[in-house]
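Q: Chains as they are written, first to last, in the numbering used here: chain V, 104 to 457; chain D, 104 to 457; chain W, 104 to 457; chain C, 104 to 457; chain L, 104 to 457. Cβ coordinates follow ideal geometry from the N, Cα and C atoms, glycine included. What follows is a structure written as structure tokens; I'll ask about it next.
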Amino acid sequence: MPKSKKRSLKNINTPPGTVVYDGKKQDIKSTVSHSIYSADKIETTFIRNLDELAFLPEVVNWLNVDGLHETDLIEFIGQNFELHTLILEDIVDTHQRTKIEIYSDCIFTVVKQIRVKEQADDLLEIEHIGIVWKKGGVISFQELSEDAFTPLRSRLQHAQGRIRQRGNDYLYYALLDSIVDSYFVVLDWLSNRLDSLEDTIFSKPEQQHLQEIQRNRLALMHMRQAILPMRDALNKLIKDDLPLEFDSRTETYLRDVQDHIIQILETIDTYREINSSLKDIYFNGLSYRMNEIMKVLTIMSTIFIPLTFLAGVYGMNFKFMPELDWKYSYAIFWIINSIIIITLFIYFKRKKWL
Amino acid sequence: MPKSKKRSLKNINTPPGTVVYDGKKQDIKSTVSHSIYSADKIETTFIRNLDELAFLPEVVNWLNVDGLHETDLIEFIGQNFELHTLILEDIVDTHQRTKIEIYSDCIFTVVKQIRVKEQADDLLEIEHIGIVWKKGGVISFQELSEDAFTPLRSRLQHAQGRIRQRGNDYLYYALLDSIVDSYFVVLDWLSNRLDSLEDTIFSKPEQQHLQEIQRNRLALMHMRQAILPMRDALNKLIKDDLPLEFDSRTETYLRDVQDHIIQILETIDTYREINSSLKDIYFNGLSYRMNEIMKVLTIMSTIFIPLTFLAGVYGMNFKFMPELDWKYSYAIFWIINSIIIITLFIYFKRKKWL
Amino acid sequence: MPKSKKRSLKNINTPPGTVVYDGKKQDIKSTVSHSIYSADKIETTFIRNLDELAFLPEVVNWLNVDGLHETDLIEFIGQNFELHTLILEDIVDTHQRTKIEIYSDCIFTVVKQIRVKEQADDLLEIEHIGIVWKKGGVISFQELSEDAFTPLRSRLQHAQGRIRQRGNDYLYYALLDSIVDSYFVVLDWLSNRLDSLEDTIFSKPEQQHLQEIQRNRLALMHMRQAILPMRDALNKLIKDDLPLEFDSRTETYLRDVQDHIIQILETIDTYREINSSLKDIYFNGLSYRMNEIMKVLTIMSTIFIPLTFLAGVYGMNFKFMPELDWKYSYAIFWIINSIIIITLFIYFKRKKWL
Amino acid sequence: MPKSKKRSLKNINTPPGTVVYDGKKQDIKSTVSHSIYSADKIETTFIRNLDELAFLPEVVNWLNVDGLHETDLIEFIGQNFELHTLILEDIVDTHQRTKIEIYSDCIFTVVKQIRVKEQADDLLEIEHIGIVWKKGGVISFQELSEDAFTPLRSRLQHAQGRIRQRGNDYLYYALLDSIVDSYFVVLDWLSNRLDSLEDTIFSKPEQQHLQEIQRNRLALMHMRQAILPMRDALNKLIKDDLPLEFDSRTETYLRDVQDHIIQILETIDTYREINSSLKDIYFNGLSYRMNEIMKVLTIMSTIFIPLTFLAGVYGMNFKFMPELDWKYSYAIFWIINSIIIITLFIYFKRKKWL
Amino acid sequence: MPKSKKRSLKNINTPPGTVVYDGKKQDIKSTVSHSIYSADKIETTFIRNLDELAFLPEVVNWLNVDGLHETDLIEFIGQNFELHTLILEDIVDTHQRTKIEIYSDCIFTVVKQIRVKEQADDLLEIEHIGIVWKKGGVISFQELSEDAFTPLRSRLQHAQGRIRQRGNDYLYYALLDSIVDSYFVVLDWLSNRLDSLEDTIFSKPEQQHLQEIQRNRLALMHMRQAILPMRDALNKLIKDDLPLEFDSRTETYLRDVQDHIIQILETIDTYREINSSLKDIYFNGLSYRMNEIMKVLTIMSTIFIPLTFLAGVYGMNFKFMPELDWKYSYAIFWIINSIIIITLFIYFKRKKWL
């Protein structure tokens with residue numbers, strides 16, 4: 104069974120707003136990339152000298168940070184762009200749940216990238232991602248070095264779709280959309296896993312199957328917990344007064360993302376039902392096999408017990424047992440046995456045990 | 104067990120608003136039909152030359168597209184009638200859930216036609232249908248070539264009912280109503296299936312019955328998921344400010360559709376209860392049979408075990424066993440056996456095992 | 104198990120507002136009665152000539168129709184009193200759920216009379232009743248010929264209570280109240296049924312008891328579905344602007360009816376709990392009996408298996424078996440047997456198996 | 104199992120507002136007491152002459168009626184104090200659920216006093232109590248002769264607490280508070296009952312324990328049903344416009360009562376969880392014992408079956424069986440037996456069956 | 104199983120507002136400490152002379168009381184700072200649930216400190232803590248002598264974080280935050296406990312494991328009950344008009360606390376799921392072992408029953424049994440036996456029982 108996700112105790116009993124990374128240890132150095140683009144050009148640079156860190160005017164700015172474990176870096180970026188310390192705390196707190204918060208000068212979003220990564224203790228890898236949309240640009244913070252936005256980058260590069268024509272609001276939407284899209288890949292993998300597990304359980308239920316079912320249950324539960332808050336959070340973007348404005352065309356797209364979220368949540372519910380019905384099938388398999396075992400025992404016992412008794416009777420040493428001296432006793436003994444066997448056989452057939 | 108409906112991965116990582124069909128492969132060409140009618144005449148033409156595509160004035164216009172796999176066609180119609188790209192995306196996205204969306208110039212509806220189609224992996228076929236009601240006419244998009252609106256067409260043809268007297272709003276309502284009506288056919292089939300399954304399980308529970316129960320469970324769940332969003336969506340039509348107006352007489356009919364939806368959802372709940380009680384009956388059947396098996400084993404063993412012991416005793420070869428030499432020992436042996444059998448028989452009768 | 108209530112397919116694919124009766128076939132002709140009363144007189148006539156059908160002024164008018172299968176009659180009454188076609192459709196649609204609808208000139212109510220009628224497939228008979236309260240009088244439509252309002256009629260006749268002093272609003276309330284009162288009779292019968300079923304299951308669980316439990320479950324579910332919508336519907340009468348006015352004294356009585364509904368729903372919930380606990384008791388009975396059976400088998404086997412082995416040992420034909428020649432071997436054999444039996448007996452006593 | 108509480112059918116089919124007592128038969132005569140008090144004096148008289156029944160001015164008036172079965176008396180009091188007939192109906196209708204109703208001239212409250220009274224069919228005795236707070240005084244109606252307000256009376260008598268300084272509103276509050284306090288006594292008893300039941304089930308599960316668990320379940324359910332409506336009802340007192348005014352100091356106390364109610368409801372939920380876990384423990388006990396029984400059977404059978412077979416082999420009468428004539432055959436037979444026994448013993452030890 | 108928390112009956116039937124301590128007996132004397140601090144200095148004194156008890160101006164005042172059993176002390180403090188008697192009652196009523204109450208001159212908070220303390224009857228120790236924030240300072244009341252605020256105190260001492268720069272509102276927030284932080288420690292312990300319990304159950308399920316599971320269930324339930332009300336209570340602080348004002352910077356921190364609460368509640372839900380899946384694993388272990396036992400019995404019986412019968416046959420004493428005299432009978436007997444054993448062995452292999 105996957106271990107329950109534990110919150111590291113590192114940032115307990117520290118003052119609130121302290122920037123303490125509590126995710127997995129990372130060996131690789133954090134990297135910062137800065138993409139600027141407009142309809143006609145796009146340029147991405149990896150920033151080494153942090154002093155150059157600033158949004159350029161009149162283009163769309165996308166700053167991306169890979170790796171949250173270098174908290175100095177995060178704090179420096181925070182000071183540079185004047186982010187609230189609680190934003191910084193949430194960016195590195197990988198247990199922070201999904202949310203969208205409206206600050207007076209920016210929109211801060213926590214989302215979870217979900218990848219299939221079958222480990223000893225979990226089926227899914229849930230990556231913590233923070234997105235800040237400020238006047239002038241969007242900053243994304245990724246926990247792991249594996250880039251969550253590769254497909255989006257290639258669309259940007261190839262000037263595919265309408266993204267290069269639009270502003271920062273559309274970039275912000277595109278980041279959310281790209282993460283939501285990735286959930287479908289996980290659902291697809293889960294669907295295949297459930298189907299093949301069912302086939303295996305049905306042909307031969309084994310004790311470890313129950314553990315597989317529990318792993319699915321937890322994976323679906325963690326996935327649901329990571330996605331569910333998004334449904335309501337998106338409402339805020341659609342209904343609240345925001346410090347930054349969405350193009351009216353972008354709003355329709357936000358509603359589309361929300362639609363996908365609801366669809367994903369429904370699919371998760373379906374999978375949970377299927378998974379719980381796997382448990383029924385598993386336990387039914389156990390019961391059915393028990394029935395089979397008992398049937399074999401009962402049939403064998405019921406047939407041979409009277410025969411053995413009969414053999415025992417004629418093994419007795421009483422002096423006066425007339426049958427012992429009859430000539431055809433032994434043949435009659437076998438005839439009687441055959442009759443008993445046939446009778447019981449018919450009886451079991453009728454009972455549908457055979 | 105029916106496989107869980109998988110979303111094709113084709114339209115993941117494409118820009119939003121991309122028109123990608125993700126349903127089953129279709130061999131037949133898409134067809135477009137245009138029906139125009141008023142109180143005194145009706146005319147339906149199959150359109151081959153797409154340039155002629157336009158709503159005629161002063162009559163009710165109904166444009167129907169069969170087959171969503173030719174996305175070029177869908178896109179052409181979209182441009183022709185100025186539909187939002189997200190509408191087009193939803194029309195061909197067969198996994199889009201049921202919804203009603205109010206755009207500034209049209210009302211867009213996604214509904215699901217449900218048909219009984221017992222396949223290897225599913226009991227029901229859920230067809231994706233998009234309906235756009237614009238000023239001037241109604242356009243319906245059907246995923247499959249089988250026409251979902253046959254009864255409505257014949258009512259139109261025969262000038263039956265009030266439909267020919269009314270406008271586009273009534274046509275829009277009639278399309279919804281016609282789909283909701285078809286759900287009753289599915290419910291009727293399910294009701295028969297549940298009844299006959301129960302009889303079979305009761306007379307002889309087999310291991311595959313559990314799978315049949317799971318198939319029902321999923322079919323009912325998918326049906327519920329397809330219908331449930333409709334209940335709230337209809338509220339929008341009744342309560343919201345719409346860009347197109349319903350005749351006040353039509354509004355009463357919308358409330359009637361909503362009433363039917365609630366009735367269908369209640370029936371689905373009843374069927375889910377019945378289906379889950381089938382599981383109880385199935386498992387009870389297993390337990391009961393186990394009980395029967397054990398009873399047979401126990402009765403046979405309990406009767407013959409002491410008799411066999413007794414026979415064993417007198418099969419011993421001790422030199423000094425006075426009974427062996429008595430004249431009536433053998434007869435007494437049988438008498439004792441009979442007494443044991445009768446006593447146990449009475450005991451089992453009292454225990455109500457016989 | 105009671106069959107799930109099926110909607111007849113007759114009125115599918117007909118235009119909405121079509122008056123199609125879908126209940127059980129009725130052999131008896133429909134009858135129409137007209138009662139008029141005031142504080143000092145009451146008169147009830149059976150109407151044969153439908154042209155006379157009209158509300159009289161300055162008295163309370165109660166028109167009652169028994170039997171919904173003559174749709175011509177219903178339609179004639181509908182036209183005569185200018186009822187909306189959807190009201191007529193709902194009056195004869197016996198699957199229409201309980202509701203109260205406020206029309207611009209009348210209040211239309213669908214309620215369900217519930218009677219105990221133990222049939223092959225159901226425990227309860229649910230009768231569809233429509234009540235229209237228009238300016239001038241109240242019209243009630245009953246599906247079955249058995250009068251649902253007998254006690255009310257006798258109260259009217261004997262000028263008992265305050266009903267004769269009051270107007271049409273009180274009559275409308277009295278009809279509702281009279282149906283709600285009848286639910287208590289059904290609950291009383293169900294309570295007795297549950298109690299006696301429990302006694303039976305406890306003394307000897309049989310396989311058909313599970314079916315009885317399922318029948319109760321469905322009956323309680325249908326009853327709940329028939330009554331639940333009433334709770335909210337009554338709120339409309341109390342809170343909404345109505346086209347007809349309730350005497351302020353009558354309003355208090357409406358709240359009283361709502362109170363009764365809530366009380367009935369709570370009792371139904373209690374009965375559902377009791378019924379589901381019957382299932383526990385049933386399955387526990389099965390398990391317990393299984394335990395008993397296995398105990399008997401184990402005790403008998405455990406006692407006789409070593410004895411039989413011992414007898415077998417001394418039935419062996421080895422030449423050199425010193426015990427065979429000893430004088431008291433046989434007596435010692437029985438002594439050893441007795442010791443084994445007593446030891447095991449004590450062991451089982453300690454284990455509390457005896 | 105406790106019988107489900109049945110509503111007597113006496114007051115069905117009577118006009119609404121009819122005063123029909125439907126509780127248990129009472130042998131004792133109803134009594135009416137009248138307490139008047141102010142800060143400096145208190146006086147309680149038992150009223151025999153009903154004509155004297157009136158509230159005295161400038162003191163707090165508390166009229167208490169014990170016994171609801173003399174409906175004449177209730178009706179007389181009702182007329183005397185001008186109470187609505189529906190109030191009277193609810194006062195004597197012992198199945199009326201808990202509620203607070205705001206009338207134009209009084210506040211009418213139905214509450215339930217709960218006492219532990221272990222009878223054949225129920226664990227708790229639920230007493231119906233009606234409280235009317237009118238301008239001038241408070242009238243309480245108790246179903247049973249056992250006084251629900253004894254502790255309150257003694258506090259009044261001894262001028263303990265602030266009650267003697269306050270008015271009718273505080274008296275009304277004190278009556279409610281006193282009933283809510285009594286629930287804690289019941290919870291305490293239930294807690295002890297659950298604890299001791301668990302110990303018993305754990306040491307030796309018996310079939311009747313399941314019934315005890317069901318009795319707890321129903322008792323907790325009835326208790327919950329009696330208390331739950333109070334939570335919302337108290338909101339009315341706090342938020343609604345009332346015909347009578349609470350001292351602002353008393354309002355804080357009302358919120359305190361509501362707090363207690365929520366605390367009681369939470370405790371009931373905890374007890375329901377504990378009770379349902381008792382069922383798990385019970386069924387686990389059954390399974391575990393079954394396992395034990397089967398283990399004994401299997402160990403005994405598995406050990407002796409091969410031994411008995413071996414003894415049977417050397418009991419055969421074949422002419423040519425070399426072993427029979429060997430000198431140490433018999434000794435070897437026992438050695439082999441010992442080896443078999445030891446081997447199996449080790450096997451069972453490894454399997455952890457011993 | 105942990106005993107359900109019982110409310111002491113001491114404060115039933117006492118006037119409301121009576122200060123009665125109902126927690127565990129405490130041997131140690133209560134202590135009162137007074138901390139005053141500003142940005143540049145901090146001073147904590149233990150107060151012995153209660154007359155000195157007062158808030159100092161222009162610094163942050165934190166009065167902390169350890170031990171609620173000396174009710175005189177609590178009452179004295181209450182009078183000194185003019186606290187409502189109901190606040191005092193709630194401070195010493197250790198069963199009072201978590202809440203935040205807005206009084207006209209102060210904000211009163213009840214929270215629960217949770218510590219891991221594995222006792223005979225419970226896994227967690229839930230400490231009752233009352234916090235009053237009045238103009239001028241904050242007073243905290245702790246049930247147990249173990250200080251709940253140690254980490255906060257050390258942060259204060261070392262001028263760590265922003266706490267020394269801020270006012271009473273921030274102190275009030277810091278107290279809440281410090282308690283919420285401590286919940287993570289408990290969750291961490293529970294997570295380890297669940298993991299190790301699972302390993303144990305999986306390797307060898309024992310009857311007492313079910314009890315461990317029930318203990319977890321209750322612990323999680325009590326924890327949830329202690330924390331859940333906090334979620335909504337914090338809303339009051341954020342949205343309501345308060346008699347004392349939060350610094351606008353502090354408000355953001357309050358939302359952060361609420362975030363943590365939601366995260367904790369989600370984790371509790373996950374643990375409840377895991378715990379309930381432990382029950383599945385436990386019961387599955389029982390079933391699986393039963394299957395194993397029955398398999399051994401059946402295999403042994405099925406193999407030896409026919410062999411024993413055969414041996415019995417040739418132990419019969421019939422005069423005319425030709426086989427007895429054949430030379431190779433005995434060898435053939437063993438050959439037949441071997442064939443039977445091998446056949447059955449193959450059969451069981453195919454059935455996958457071996």
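(1) What's the C-alpha gap between residue 148 of chain L and residue 258 of chain C?
(2) Using the beta-carbon count (16 or more within 10 Å), is residue 351 of chain D buried or exposed?
(3) Rounding to the nearest angstrom, what Cα-Cα distance links residue 412 of chain V and residue 404 of chain D in this structure?
(4) Do residue 227 of chain W and residue 214 of chain W come within 8 Å of each other at the CB atom, strictly closer than that value?
(5) Kindly list the residues whose CB is nearer than 6 Å to the CB of residue 457 of chain C, restricted to its own chain and excluding five residues on each side of it in sequence; keep chain order.
(6) Using the beta-carbon of each residue, which ones in chain C are nearer than 7 Å to residue 389 of chain W?
(7) Do you know offhand how far residue 453 of chain V's Cα is from residue 316 of chain W's?
(8) Starting from residue 289 of chain L, trace the beta strand (DSSP E) both ways and give me its first and last residue.
(9) Closer than 8 Å, CB to CB, is residue 235 of chain V near chain L or not?
(10) Do residue 203 of chain C and residue 329 of chain C come within 8 Å of each other at the CB atom, strictly closer than that value?
(11) Chain V partners of residue 212 of chain D, CB-CB under 7 Å?
(12) Going by Cα to Cα distance, which pick from V/229, V/181, V/195 and V/200 is closest to residue 209 of chain V?
(13) Would you mind telling me which residues of chain V sit closer than 7 Å to residue 447 of chain D, beta carbon to beta carbon, in chain order?
(14) Measuring only between beta-carbons, confirm whether residue 424 of chain V sits less than 8 Å from chain D.
(15) Per DSSP, residue 202 of chain L forms a beta bridge with which residues?
(16) Looking only at its own chain, which residues have a Cβ that is under 6 Å from the Cβ of residue 377 of chain C, when we skip the five neighbours before and after it?
(17) In chain order, what residues of the same chain lie with their CB nearer than 7 Å to the CB of residue 406 of chain V, ignoring the 5 residues before and after it?
(18) Between residue 123 of chain L and residue 247 of chain L, what straight-line distance do the alpha-carbon atoms span, to the nearest angstrom?
(19) Any contact between the region 374-389 of chain D and the region 301-314 of chain W? By contact I mean 3 or more CB pairs, one from each, below 8 Å.
(20) Spell out whether any CB of chain W is found under 8 Å from the CB atom of residue 418 of chain D.
(21) Closest to residue 253 of chain W by CA distance: which of W/276, W/231 and W/281 is it?
(22) Please state whether the Cβ-Cβ distance between residue 184 of chain D and residue 237 of chain D is less than 8 Å.
(23) Could you compute how far the alpha carbon of residue 327 of chain D sits from the alpha carbon of residue 374 of chain D?
(24) Give a yes or no on whether the minimum CB-CB distance between residue 107 of chain C and chain W is below 8 Å.
A: The relevant details are as follows:
(1) Those two C-alpha atoms are separated by around 42 Å.
(2) Exposed, because fewer than 16 other Cβ atoms sit within 10 Å of the Cβ of residue 351 of chain D.
(3) Taking the straight line from one Cα to the other gives about 11 Å.
(4) In this structure, residue 227 of chain W does not lie closer than 8 Å to residue 214 of chain W by Cβ.
(5) Only 451 meet the Cβ criterion.
(6) Contact note: residue 389 of chain W does not reach chain C at a C-beta cutoff of 7 Å; the least C-beta distance is about 11 Å.
(7) Looking at the two C-alpha atoms, the distance is approximately 29 Å.
(8) Premise fails: residue 289 of chain L lies in the alpha helix (DSSP H), 271-306, not in any beta strand (DSSP E).
(9) Residue 235 of chain V is outside the set of residues whose beta carbon lies under 8 Å from a beta carbon in chain L.
(10) Remark: C-beta atoms of residue 329 of chain C and residue 203 of chain C do not approach each other more closely than 8 Å.
(11) Counting only Cβ-Cβ distances below 7 Å, residue 212 of chain D has no contacts in chain V at all, with the closest Cβ about 14 Å away.
(12) From the listed residues V/229, V/181, V/195 and V/200, the smallest Cα separation to residue 209 of chain V is found for V/181.
(13) Those within 7 Å of residue 447 of chain D in chain V number zero; the least Cβ separation is about 14 Å.
(14) Judged by the 8 Å Cβ criterion, residue 424 of chain V is in contact with chain D.
(15) L/213, per the DSSP bridge assignment.
(16) Excluding residues within five positions, the ones whose Cβ falls inside 6 Å are 297.
(17) Cβ-Cβ distances below 7 Å link residue 406 of chain V to 444 and 447 in the same chain, with the five nearest sequence neighbours on each side left out; the list follows chain order.
(18) When only Cα atoms are considered, residue 123 of chain L and residue 247 of chain L end up about 16 Å apart.
(19) Contact between the region 374-389 of chain D and the region 301-314 of chain W is present: three or more C-beta pairs spanning the two stretches fall below 8 Å.
(20) So, interface residue.
(21) Of W/276, W/231 and W/281, the smallest CA-CA separation from residue 253 of chain W is found for W/281.
(22) Yes, the Cβ-Cβ distance between residue 184 of chain D and residue 237 of chain D is below 8 Å.
(23) For residue 327 of chain D and residue 374 of chain D, the distance between alpha carbons rounds to 11 Å.
(24) Note that residue 107 of chain C scores a pLDDT of 42, beneath 50, so its modelled location is shaky; the value from the coordinates is reported in the next line. With 8 Å as the cut-off, residue 107 of chain C counts as an interface residue toward chain W.
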